[in-house]
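Below is one structure, written out as structure tokens; the observations come after it.
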């Protein structure tokens, strides 16, 4: 029994309503789901091109048989998807498995027909592709509607995918910048053989304290330092919580057999520590000095330099 033919208005309305208000990844997943339903096909999928030279893509949404399949990465070679990227579109009315015998996924899906269109960025470069598959032949009478709908929503999907890539690149750039700023603001100084110094400059929040602690432990492990000087001369005034974070960094160093030393303790910080019993208890494990020079002189005496 043949299925009823497709009509533009109901199909567009169904997909528009199904994706209304969705953005980013939510839009992409909603799109493939409602495309499959509106076009009355078994499966709809969308991919992102990961590596053009290797022909590597990753699914961003794959709706099949009334459910989402787990996203996966695959190579384009020997698939109808490869034709999409090569020519902008691939249509196979029937016997798609016979046309692409090396594509095992077509067999698993029981696919008989296929239509896919490429997604482009604003410069016309391929970003991915959008495709529908069905377990029965795709009627030529429905091809105009199916192709037109895919092309319309491929433009929107391409814009969403490009925006997601830009946001991802911006986040990566920002994270790299933060790592650079963190490294510059808290350098690990090998001031003498067996002595590492960490000048703490500016504000010290929990995230920065964690990064400093990780960097210091890495440096101690690499240099086998006997002494670690935490210099507070350039640090902002520390409240009780922040001061406690500094002491915990020193305690972590001590767990590696390194003697932790505090220098640059101002009267305001000393007063903060005195009135915090837990911090004061931790402070008993540290040597403290007024200046970094005094702390370094202490280390050199202990090393016999």
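Numbering (this note's numbering), first residue to last: 34 to 338.
Using N, Cα and C, we set each Cβ at its ideal position, and we do this for glycine too.
Every value quoted in this text rests on a predicted model; they were computed, and no experiment measured them.
Three-way DSSP call (helix, strand, coil) for residue 140 in this model: As a working mapping, residue 140 is identified with position 107 in the chain shown. Residue 140 falls in the helix class under three-state DSSP.
Sequence-distant residues of the same chain with beta carbon closer than 6 Å to residue 328, five excluded per side: For the purposes of this step, residue 328 is identified with residue 295 of the chain shown, where counting begins at 1. Residues 262, 294, 296 and 322 of the same chain have their beta carbon placed closer than 6 Å to that of residue 328, with the five preceding and five following residues left out of the count.
Through-space distance from residue 178 to residue 42, alpha-carbon basis: Your numbering for residue 42 matches position 9 in the chain shown. Your numbering for residue 178 matches position 145 in the chain shown. Approximately 10 Å between the Cα atoms of the pair.
Backbone CA spacing between residue 35 and residue 195 [nearest angstrom]: As a first step, residue 35 must be located in the chain shown, where it is residue number 2. As a first step, residue 195 must be located in the chain shown, where it is residue number 162. Any reading at residue 35 is ruled out, since the residue's pLDDT is 43, under 50, leaving its predicted position unreliable.
Alpha carbon of residue 97 to alpha carbon of residue 135, nearest angstrom: The residue labelled residue 97 in the question sits at position 64 within the chain shown. The residue labelled residue 135 in the question sits at position 102 within the chain shown. Linking residue 97 to residue 135 through their CA atoms gives a straight-line distance of about 21 Å.
Segments of 3+ residues assigned as beta strand (DSSP E) that fall wholly inside the stretch 203–288: Here the runs fully enclosed are 222–225, 228–232 and 260–264.
Three-state secondary structure assigned by DSSP to residue 35: Walking along the chain shown from the start, residue 35 turns up at place 2. Because residue 35 sits at a pLDDT of 43, beneath the cut-off of 50, its placement in the model cannot be relied upon, and the following sentence gives the value as read from the coordinates. In the structure shown, residue 35 sits in coil (DSSP, three-state: anything other than H, G, I, E or B).
Contacting residues, own chain, Cβ-Cβ under 8 Å from residue 330 (five flanking each side not counted): Taking the chain shown and counting its residues from 1, one reaches residue 330 at position 297. Correct list: empty, nothing qualifies.
Alpha carbon of residue 184 to alpha carbon of residue 212, nearest angstrom: Counting from 1 along the chain shown, the entry for residue 184 is found at position 151. Counting from 1 along the chain shown, the entry for residue 212 is found at position 179. Going by the C-alpha atoms only, they are around 42 Å apart.
Per DSSP, the bridge partner or partners of residue 322: The residue you call residue 322 lines up with position 289 of the chain shown. Paired residue(s): 296.
Reduced DSSP category for residue 333 - H, G, I as helix; E, B as strand; rest coil: Stepping through the chain shown from its first residue, residue 333 is reached at position 300. DSSP places residue 333 in helix when its eight states are reduced to three.
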